[in-house]
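Engineer: For the sequence shown, position 202 matches number 202 in UniProt numbering, and the numbering has no gaps at all. Below you will find the structure I want to go over with you.
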Amino acid sequence: MAPLVQAAGKVQVAPASSVTSVFRPHSSVFGTLTPNREWLVGAMEAVGAAEESSRKSVMYLSEDLGFTLTTCAEVPRLARLNNMEVLQGQILVPASAGADDMEGVVATLMQRRPDVVVSCTYRAACHALVREMERRRYTPKALIATICVVEADFIEQLGAAGHYAIGVSPWIPSMPLGGLVTGGWTAEGFAGAFEARFGATPPYQAASSFAAAAVLTHAIELAGTLDPAAVAAVLRNLSDHSMYGHIAFDGNGQCTNTIKVLQRHGGDSLLTVHPAGVAQERLVYPKPDWVTRQCLNTLASQPSRFGFLDVCQECPLGRTSAVVDAGRSILRVCAECGAGKMGVDIDFQSCLECPQGTFSDRPGATQCAFCPAGAFGNASGRTACEACLPGAVAETLGSKACSACLPGHYQGSGNRTQCRRCEVGRYAEEKGATACQGCPPSFSTQGTGFSRASDCGCPAEHFNGSRYDPSRTPACEPCPRGVACPGFGAELELRQGYYEAAGGLDPFAGVWLCRPAAACPGGLPGTCADKLEGLGCSICPDGQVLLGTEGGDMRCQECDGLNIALLVFLPFAVLICLVCIYYLANDRVAISTGNVLACSIIFGLSVTVVQVFGMLGQLMVPWPASIEKLVKLSRVLVSDGDAMGLECLVGKGPMEKYLAMFALPFLVVAILGGLAILSLALPRLTRGRLEAWSWRRVFNTLCHMGQALFITVTVVAASPMQCFTHPNGKSTMASFPSVLCFEGGATHARFLLMSFSLLVLLVIPFIAVAAWGSYSVYVSTQTRGIDAPQMTMYRFLVYRFRPSVWWWANVFNVRQLLLGLTPMVTPDDTANQLVYMLFVVLAYLAVMTAFLPWRTLEINLFDMLTTCLIAGIGITMTTFIPASKYEGRQVALLVTITVLTLTCIGLAGAYALVMLKRRGKSGHFGYIFPPPEDMKKFADHSQSIMQSLAGMSRSEFRLFLEELSTIDRLLVDKVVNVFAMTSEGHSVTRGPRRSTFNRSLRLVHPASDEPPTPEGEGLCPGDVESQSGCGSSHGSAMELPAPELEASAKPSRDSTVPDDTAVRRYSCDTLTPTLETWKAVAESRSD
């Protein structure tokens, strides 16, 4: 621009150039800026003059620009003038150098450690240099910068890092400048107008521009013309004051205005320190260290990490660096954070208000505490938290607000952390509830935490009666038996094992109990397992038979040919059994027990055990699936219609099935009668080889069959009276659940009629006939022995038992009768039935153990064992039955048994005391046999028996013993042992032959007058050989060597005392026949 002005012959006052080369060749071009060679003069002088005793070292750097290069080129000259040492040459940095460039520069400076650093740079490079020094905490004693220090935002940008930096400028707004050149404008006035107009503090360039315009105007006014030469001449000679300072131009046309040296003291103040005439403050040299400089920064807007706390230091956490007015001075101190605030360190320590949900109740807190659970802080800067009100809670620490309790929850107290769920039977409909409302009486909720009144309902196992009967007051009533009440509005359903006809389920009408329970799966009314139908799901459709449980379920199956064939074959099986019984069970009663007889007895007992098992199968017990088929099979032997599959033959009607069961014993009678009639033709058809059936043997055959079927007939007869009660109050037959009991209808009456018919025509008569027959046999055998006709007619009563226990058949019949009536005993209470059965079985076991009635020891043991096992089955069954609904009855029974037990103990003790008192300490205890008044008679009788034994030959005596049963021989052996221990030294004389103390049957032939045959010959009569055991193991034992046989054939007459060994080994207490009779047997066998 200057060449153009010069060439045009014009005059120019330039405001923004300080380089001499611009002005020197152009005489009409002037500049208001001081030449750049003069910019550092004052700063170097001021620094050089500080601490005059020391020689300062200096290093300088320059941005690679024209102004900066020429300005810093003067540093070596000025250093020499001011007694300074330049440590090294100029450090050159690129234009607009940044942090990366300055990192190396500062590293070099820190290595050389100059006292003074001169920076000829513009804004960006200057700021980068100061920041790098701050980062490295490097502080030279003086930092001189050409441009940036005097900029208005220098401290704002660099903070305390820029404090005490030295800058140079031709003008500053705070200087008291003014003059003719600029008229009435002063430096402060210009600055105020500029700031008002542009919103910023004017830089020296703005003042220079204003001064340039004012100078040119002033020169024109002085010249009085616009002639450039005249104006230029005025400018060359001008020397006057202005708001910019003193205006005068050197020979080059550059202003000679003195460059002011300024220093940034603490805060944002920019103070003139040179020249002395305009200095506002002394130069601070050396520059305070980095920490001290932070504390000297009193500019409140500038954050800092330091402050005075006794000494200048970095403020600890909980305090912040703050500028305070200390009265005579302004200080930067480490001020304590107030309550409600906390100290944080984010670039600078500062005090932040505690955020919402936290608080600080003391000054100087390093952190805010969370509001405790149950309280809240809904604003920042709180010194305390507020407690939640009732109905609201703060569950966690640091809650900003309390949460209202949700519906179904409540909180009755304040300052709580959890809402409570409404208890069972209560509800809360609104949010923020302080209490829950209760359900109506007897109603409840399905759990906790419910929120509506409609959630109130009847709990499980209860139902709302008004729902099914509007006339009833709404209330929860206990769930009826057999009905499943899920509760809370759910529909009622049937439980498994209960039945109700299709349609609505009325809980007040009651339901039907199913037997077995698997027939009724429960659920909706009218639901049956598989294809079952009818009341209690007890009937299969026509042409099908109920198979029982199959995997826990009931199943109907089509009748096949096998089912029908087995039922059709039943009469033929009965016919075959009757024929076999007639020809095998009518032989003469044997004195000894052969193998065939023993096997038949064991077989009969086995059938009886299975029948008892079948009777137990009719009780209301949920049998395990593993033995279900076995139970069903055993029920066939008690004529159970379902087990026999009678539906396949007679249809599904209960009456038809029971009629078939009712007819079975009469069928046996009819078949036997027919066989007896047909037998009349046997002599003619067999040409005399077979005789017609005798009526006595036919009667014995019938009673044999009756004995086998006795428990079966008893069970069938008791079946119509075995009625169990349903939850609806009605009762049906256990065997036929579709038949109502005692309802006034004809059906059950017909069942009862047939039941009474069986009892009157069969059961009771059989017991009576057995009782009479036992007595008749006993009486007849006392006179006629084994040949009495009653022995043929009533053989079924005595052939299984020892002669001394001839009456045991009646005990056995009573046991069978009582066991057969078990299902009829409290049909609703299986526990009672089992208790009753156990009493019967255990009572029988006790009596049987006392008498050992069976013919052999093994059969007695077998009966004991099976009886014990039956008792064990009964006890085990109690584990399968559900809890008895008759608990009161069971308790009463238990109490009764307990009382009886204690009574028995008490009576025994009392009896013992009575015996002790009446008979003394050495007297006999208890019952004495025989009574003292009969002792002579008993002694005479016993002596006569022993005298008779002494007169027998060896063969006679041996035959006598072998004809006894094993059990009798054991008893004889026990008696002999007693005598052997007590009778030594006493004579035994002959006496009466008939025992008046023995009530045994005389199972021998009547005495004969014929002379006996020689002893040892023909010991077994041919007609009884097969039954007596001769020729068997017993018979072979009777064969003696010839010499011994001959010796035994001669009775000894030398003494009336028998051989001592015989006396010691055998006794006569249980000998049944007289000795003459046994001799007669020997004689008859010789025939």
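Idealized CB from N, CA, C, for every residue including glycine. Predicted model only: the values in this text are computed from it and were never measured.
Looking only at its chain, what residues have a beta carbon closer than 6 Å to the beta carbon of Y1066, apart from the 5 residues adjacent to it on each side?
Structural biologist: Numbered from its first residue, the sequence shown carries residue 1066 at position 1066. Any reading at Y1066 must be qualified, since the residue scores a pLDDT of 32, below 50, and its modelled position is unreliable; the value itself is stated next. These residues qualify, in order along the chain: V972 and V976.
Engineer: For L397, which option in L819, P737, P407 and C385 has the closest C-alpha, if you only look at C-alpha atoms?
Structural biologist: As a first step, residue 397 is located in the sequence shown; it is residue number 397 there, counting from the start. Nearest Cα to L397 within the set L819, P737, P407 and C385: C385.
Engineer: Have a look at A79 and G343 and give me their C-alpha separation to the nearest angstrom.
Structural biologist: One-based indexing of the sequence shown puts residue 79 at position 79. One-based indexing of the sequence shown puts residue 343 at position 343. Those two C-alpha atoms are separated by around 48 Å.
Engineer: Within this structure, are the beta carbons of G179 and D250 separated by less than 8 Å?
Structural biologist: For the purposes of this step, residue 179 is taken as the residue at position 179 of the sequence shown. For the purposes of this step, residue 250 is taken as the residue at position 250 of the sequence shown. No, the Cβ-Cβ distance between G179 and D250 is not below 8 Å.
Engineer: Near Q790, which residues of its chain fall below 6 Å by C-beta distance, leaving aside the five closest residues on each side in sequence?
Structural biologist: In the sequence shown, residue 790 corresponds to position 790, counting from 1. So the qualifying residues of the chain are S776, V777 and S780.
Engineer: Nearest to V105 by alpha carbon, out of A300, R131 and S804?
Structural biologist: Here residue 105 is taken as the residue at index 105 of the sequence shown, counted from 1. Minimum Cα distance to V105 is reached at R131.
Engineer: When you compare each of N832, Q263 and C868 to A892 by their alpha carbons, which one comes out closest?
Structural biologist: Counting from 1 along the sequence shown, the entry for residue 892 is found at position 892. Of N832, Q263 and C868, the residue nearest in Cα terms is N832.
Engineer: Please decide whether K260 counts as near chain C, where near means a Cβ-Cβ distance under 8 Å.
Structural biologist: No chain C is present in this structure, which holds just one protein chain.
Engineer: For T292, which residues from the same chain have a beta carbon less than 8 Å from its beta carbon, with the 5 sequence-adjacent residues on both sides left out?
Structural biologist: As a position in the sequence shown, residue 292 is number 292, starting the count at 1. Here the set comprises C312.
Engineer: In its own chain, which residues sit with a C-beta less than 8 Å from the C-beta of G688, not counting the 5 before and 5 after it?
Structural biologist: The sequence position of residue 688 within the sequence shown is 688, counting from 1. Excluding sequence neighbours, G688 sits near nothing in its chain.
Engineer: Kindly indicate which residue of C295, M175 and G465 has the alpha-carbon position closest to the one of V278.
Structural biologist: Counting from 1 along the sequence shown, the entry for residue 278 is found at position 278. V278 has its Cα closest to that of M175, out of C295, M175 and G465.
Engineer: Determine the direct distance from the alpha carbon of T34 to that of E208, and round the result to whole angstroms.
Structural biologist: By one-based count along the sequence shown, residue 208 stands at place 208. By one-based count along the sequence shown, residue 34 stands at place 34. The displayed chain sequence assigns Ser, not Glu, to residue 208. In a straight line, the C-alpha of S208 is about 10 Å away from that of T34.
Engineer: Does DSSP put V93 in a helix, a strand or coil?
Structural biologist: Translated into the one-based positions of the sequence shown, residue 93 becomes position 93. Three-state result, V93: strand.
Engineer: Please name the residue in A165, L819 and I671 whose C-alpha comes closest to that of R264.
Structural biologist: In the sequence shown, counting from the first residue as 1, residue 264 sits at position 264. Of all alpha-carbon atoms in A165, L819 and I671, the one lying nearest the alpha-carbon of R264 is that of A165.
Engineer: Exposed or buried, what is A43 when buried is set at 16 or more other beta-carbons lying within 10 Å of its beta-carbon?
Structural biologist: Within the sequence shown, numbered from 1, the residue matching residue 43 stands at position 43. It is buried - the Cβ of A43 has at least 16 other Cβ atoms within 10 Å.
Engineer: On the CB-based measure, 16 or more other CB atoms within 10 Å of its CB, does S735 come out buried or exposed?
Structural biologist: Your numbering for residue 735 matches position 735 in the sequence shown. Buried is the call here.
Engineer: Out of P622, G534 and R197, state which residue places its alpha-carbon closest to the alpha-carbon of Q732.
Structural biologist: Position 732 of the sequence shown holds residue 732. Note that residue 732 is Thr in the sequence shown, not Gln. For the residues P622, G534 and R197, the minimum Cα distance to T732 belongs to G534.
Engineer: So, helix, strand or coil for D100, using DSSP?
Structural biologist: Locating residue 100 in the sequence shown gives position 100, counting from the first residue. Looking at D100 - three-state DSSP - the assignment turns out to be helix.
Engineer: Counting along the chain, where does the beta strand (DSSP E) carrying Y164 start and finish?
Structural biologist: On the sequence shown, position 164 is the one that residue 164 refers to. Premise fails: Y164 is in no beta strand (DSSP E) and is neither H nor E.
Engineer: Alpha carbon to alpha carbon, how far is G651 from G543? Give it in angstroms, no decimals.
Structural biologist: Numbered from its first residue, the sequence shown carries residue 543 at position 543. Numbered from its first residue, the sequence shown carries residue 651 at position 651. Roughly 7 Å separates the two Cα atoms.
Engineer: Taking M644 and V631 to be in contact with their CB atoms under 8 Å, please state how far apart those CB atoms are, rounded to whole angstroms.
Structural biologist: For this step, residue 644 is matched to residue 644 along the sequence shown. For this step, residue 631 is matched to residue 631 along the sequence shown. At roughly 14 Å, the Cβ-Cβ gap does not stay under 8 Å, so M644 and V631 are not in contact.
Engineer: Can you give me the Cβ contacts of L672 inside the same chain, cut-off strictly under 8 Å, excluding the 5 residues immediately before and after it?
Structural biologist: Taking the sequence shown and counting its residues from 1, one reaches residue 672 at position 672. Excluding positions up to five away in sequence, the list reads L578, V698, T701, L702 and M705.
Engineer: What do you reckon, are the CB atoms on G391 and G432 nearer than 8 Å?
Structural biologist: Counting from one through the sequence shown, the residue named residue 391 turns up at place 391. Counting from one through the sequence shown, the residue named residue 432 turns up at place 432. Yes, the Cβ-Cβ distance between G391 and G432 is below 8 Å.
Engineer: What span of residues does the beta strand (DSSP E) with A717 cover, start to end?
Structural biologist: For the purposes of this step, residue 717 is taken as the residue at position 717 of the sequence shown. In the DSSP assignment, A717 falls outside any beta strand (DSSP E) and lies within the alpha helix (DSSP H) extending over W695 to A718.
Engineer: Suppose the cutoff is 6 Å on Cβ atoms and the five residues either side in sequence are ignored; what does the same chain contact list for I859 look like?
Structural biologist: Residue numbering aside, residue 859 sits at position 859 when the sequence shown is read from its first letter. Within the same chain, and ignoring the five residues on either side of I859 in sequence, the residues whose Cβ sits closer than 6 Å to its Cβ are I601.
Engineer: From M864 to F613, what does the alpha carbon distance come to, in whole angstroms?
Structural biologist: Here residue 864 refers to the residue found at position 864 when the sequence shown is read from its first residue. Here residue 613 refers to the residue found at position 613 when the sequence shown is read from its first residue. So the alpha carbons of these two residues sit roughly 16 Å apart.
Engineer: According to the Cβ coordinates, are Y468 and G482 closer than 8 Å?
Structural biologist: Here residue 468 is taken as the residue at index 468 of the sequence shown, counted from 1. Here residue 482 is taken as the residue at index 482 of the sequence shown, counted from 1. Their beta carbons are not under 8 Å apart, which means Y468 does not touch G482 by this criterion.
Engineer: Is it right to say S360 is buried, meaning 16 or more other beta carbons lie within 10 angstroms of its own, or is it exposed?
Structural biologist: Working through the sequence shown from its first residue, we reach residue 360 at position 360. Per the 10 Å Cβ criterion, buried.
Engineer: What residues in its chain sit with their C-beta under 7 Å from that of C354, if we drop five residues either side in the sequence?
Structural biologist: Walking along the sequence shown from the start, residue 354 turns up at place 354. Taken in chain order, the residues that qualify are G340, K341, M342, S360, C368, S380, G381 and R382.
Engineer: In angstroms, rounded to a whole number, what distance separates the CA positions of P823 and L646?
Structural biologist: Numbered from 1 along the sequence shown, position 823 holds the residue referred to as residue 823. Numbered from 1 along the sequence shown, position 646 holds the residue referred to as residue 646. Cα-Cα distance, rounded: 21 Å.
Engineer: DSSP on N595, reduced to helix/strand/coil?
Structural biologist: In the sequence shown, residue 595 corresponds to position 595, counting from 1. N595: helix per DSSP, three-state reduction.
Engineer: Under the assumption that N36 contacts R55 (Cβ atoms under 8 Å), give the Cβ distance between them as a whole number of angstroms.
Structural biologist: Along the sequence shown, one-based indexing puts residue 36 at 36. Along the sequence shown, one-based indexing puts residue 55 at 55. Actually they are not in contact, since the Cβ atoms of N36 and R55 sit about 27 Å apart, beyond 8 Å.
Engineer: On the three-state DSSP scale, how would you describe A734?
Structural biologist: The residue you call residue 734 lines up with position 734 of the sequence shown. It is coil, neither helix nor strand.
Engineer: For the beta strand (DSSP E) that R332 lies in, which residues bound it at each end?
Structural biologist: Numbered from its first residue, the sequence shown carries residue 332 at position 332. Segment I330 to E336, the beta strand (DSSP E) holding R332.
Engineer: On the DSSP letters alone, give me the boundaries of the alpha helix (DSSP H) that A49 sits inside.
Structural biologist: Position 49 of the sequence shown holds residue 49. Boundaries of the alpha helix (DSSP H) around A49: V41 to A49.
Engineer: Terminal residues of the continuous alpha helix (DSSP H) containing Y204?
Structural biologist: Within the sequence shown, residue 204 is the residue found at index 204, counting from 1. Taken as a continuous stretch (DSSP letters only), the alpha helix (DSSP H) holding Y204 covers Y204 to A223.
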